[in-house]
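K.L.:
Residue numbers (my numbering): 49 to 302. Ideal Cβ positions, reconstructed from N, Cα and C, are used throughout, including at glycine. Because the structure is a prediction, the values reported are computed rather than measured. My questions all concern the structure below.
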Amino acid sequence: MFSAGDDKQVKCWDLEQNKVIRSYHGHLSGVYCLALHPTIDILLTGGRDSVCRVWDIRTKMQIFALSGHDNTVCSVFTRPTDPQVVTGSHDTTIKFWDLRYGKTMSTLTHHKKSVRAMAPHPKEHSFASASADNIKKFSLPKGEFLHNMLSQQKTIINTMAVNEDGVMATGGDNGSLWFWDWRSGHNFQQAHTIVQPGSLDSEAGIYALSYDVTGTRLVSCEADKTIKMWKEDETATEQTHPLNFKPPKEIRRF
49 MFSAGDDKQV KCWDLEQNKV IRSYHGHLSG VYCLALHPTI DILLTGGRDS VCRVWDIRTK
109 MQIFALSGHD NTVCSVFTRP TDPQVVTGSH DTTIKFWDLR YGKTMSTLTH HKKSVRAMAP
169 HPKEHSFASA SADNIKKFSL PKGEFLHNML SQQKTIINTM AVNEDGVMAT GGDNGSLWFW
229 DWRSGHNFQQ AHTIVQPGSL DSEAGIYALS YDVTGTRLVS CEADKTIKMW KEDETATEQT
289 HPLNFKPPKE IRRF
């Protein structure tokens, strides 16, 4: 498992022994996002220094510093084929990178505000990006614009995730968790996280989302120092949506 933070470091953890086994040094400021390449031992990290850095996982050597953004790189994902790296930034752009040469392939300028979150579909050749102005969907590999999802979430969207069933979740700074149909862009469910007792309402922000391997459970990491697990609502019907998610019955702090 890998972790990153404001201390400029990226750490690799041994989950069995619960200890750090490698650290990656090179960022000049806080590290905001990371991604593992699906087929080779490469780690990508993006930070406040406006650079996406490419690391050899085993040797800890920096392979490339992907420079070209004018502000914080706050979202990244990687692919086994071209473009092999996609980054989103506070400079409002999305960049496609060729990992063989460490060069920019193209730049998307559709957003008007910071691109804080992106999510590729696990099966289709497309991805979504979230900004305070809208959620947009693009095709891969060339990045053709497909459609807007017309978000009315009215918050900064920090994170998003999509499963193989085409259920996309977006988490906001105000604790809102919205679920979308990938194909139509329809928002079919709206939920709101509950902060743990003793926390402030301002600590309701959702900073990270990830589906488990089955795609039926969604894990959220939140500003109140909790990790919550959401699962599919087995009682949901076609009148609501067959893939509605239920909030956790209890809040667990890890």
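Assuming residue 146 is part of the beta strand (DSSP E), what are its boundary residues?
P.N.:
For the purposes of this step, residue 146 is taken as the residue at position 98 of the sequence shown. Residue 146 -> beta strand (DSSP E) spans 142-146.
K.L.:
Tell me whether the beta-carbon of residue 218 lies closer than 7 Å to the beta-carbon of residue 205.
P.N.:
Along the sequence shown, read from residue 1 onward, the residue named residue 218 stands at position 170. Along the sequence shown, read from residue 1 onward, the residue named residue 205 stands at position 157. Going by C-beta atoms, residue 218 is nearer than 7 Å to residue 205.
K.L.:
Anyone know if the C-beta pair for residue 262 and residue 280 falls short of 7 Å?
P.N.:
Position 214 of the sequence shown, counted from the first residue, corresponds to residue 262. Position 232 of the sequence shown, counted from the first residue, corresponds to residue 280. Not a contact, by the Cβ cut-off of 7 Å.
K.L.:
Which residues does DSSP pair with residue 240 in a beta bridge?
P.N.:
Taking the first residue of the sequence shown as 1, we reach residue 240 at position 192. Paired residue(s): 224.
K.L.:
By DSSP, does residue 232 sit in helix, in strand, or in coil?
P.N.:
Within the sequence shown, the letter at position 184 stands for residue 232. Of the three classes helix, strand and coil, the one that applies to residue 232 here is coil, per DSSP.
K.L.:
Could you pull out every residue in the same chain whose Cβ sits closer than 6 Å to the Cβ of residue 97, ignoring the five residues on either side in sequence?
P.N.:
Position 49 of the sequence shown, counted from the start, is the residue given in the question as residue 97. Contacts found: 75, 76 and 77.
K.L.:
Tell me whether residue 172 sits in a helix, a strand or coil according to DSSP, three-state version.
P.N.:
Indexing the sequence shown from 1 puts residue 172 at position 124. Looking at residue 172 - three-state DSSP - the assignment turns out to be coil, as it is neither helix nor strand.
K.L.:
Could you say which of 162, 212, 232 and 213 lies nearest to residue 31 if we only look at CA atoms?
P.N.:
Outside the shown range of the chain (49 to 302) lies residue 31, about which nothing can therefore be said.
K.L.:
Helix, strand or coil for residue 139? Go by DSSP, reduced to three states.
P.N.:
Working through the sequence shown from its first residue, we reach residue 139 at position 91. Residue 139 falls in the coil class under three-state DSSP.
K.L.:
I think residue 134 touches residue 166, with their Cβ atoms under 8 Å apart; what is that distance to the nearest whole Å?
P.N.:
Taking the sequence shown and counting its residues from 1, one reaches residue 134 at position 86. Taking the sequence shown and counting its residues from 1, one reaches residue 166 at position 118. That belief holds up - the Cβ atoms of residue 134 and residue 166 are roughly 7 Å apart, short of 8 Å.
K.L.:
By the DSSP assignment, the beta strand (DSSP E) with residue 259 in it spans what residues?
P.N.:
Translated into positions along the sequence shown, residue 259 becomes position 211. Residue 259 -> beta strand (DSSP E) spans 254-259.
K.L.:
Is residue 183 buried or exposed, if buried means 16 or more other CB atoms sit within 10 Å of its CB?
P.N.:
By one-based count along the sequence shown, residue 183 stands at place 135. Buried, because 16 or more other Cβ atoms sit within 10 Å of the Cβ of residue 183.
K.L.:
What separation, rounded to the nearest whole angstrom, lies between the Cα atoms of residue 138 and residue 200?
P.N.:
As a working note, residue 138 is residue 90 in the sequence shown. As a working note, residue 200 is residue 152 in the sequence shown. Those two C-alpha atoms are separated by around 20 Å.
K.L.:
Helix, strand or coil for residue 249 per DSSP?
P.N.:
For the purposes of this step, residue 249 is identified with residue 201 of the sequence shown, where counting begins at 1. If DSSP states are grouped into helix, strand and coil, residue 249 belongs with the helices.
K.L.:
Among 83, 215, 127 and 163, whose alpha-carbon lies nearest the alpha-carbon of residue 236?
P.N.:
Here residue 236 refers to the residue found at position 188 of the sequence shown. Measuring from the Cα of residue 236, the nearest candidate turns out to be 215.
K.L.:
Is residue 241 buried or exposed, if buried means 16 or more other CB atoms sit within 10 Å of its CB?
P.N.:
Looking up residue 241 in the sequence shown gives position 193. Buried, by the Cβ-count rule.
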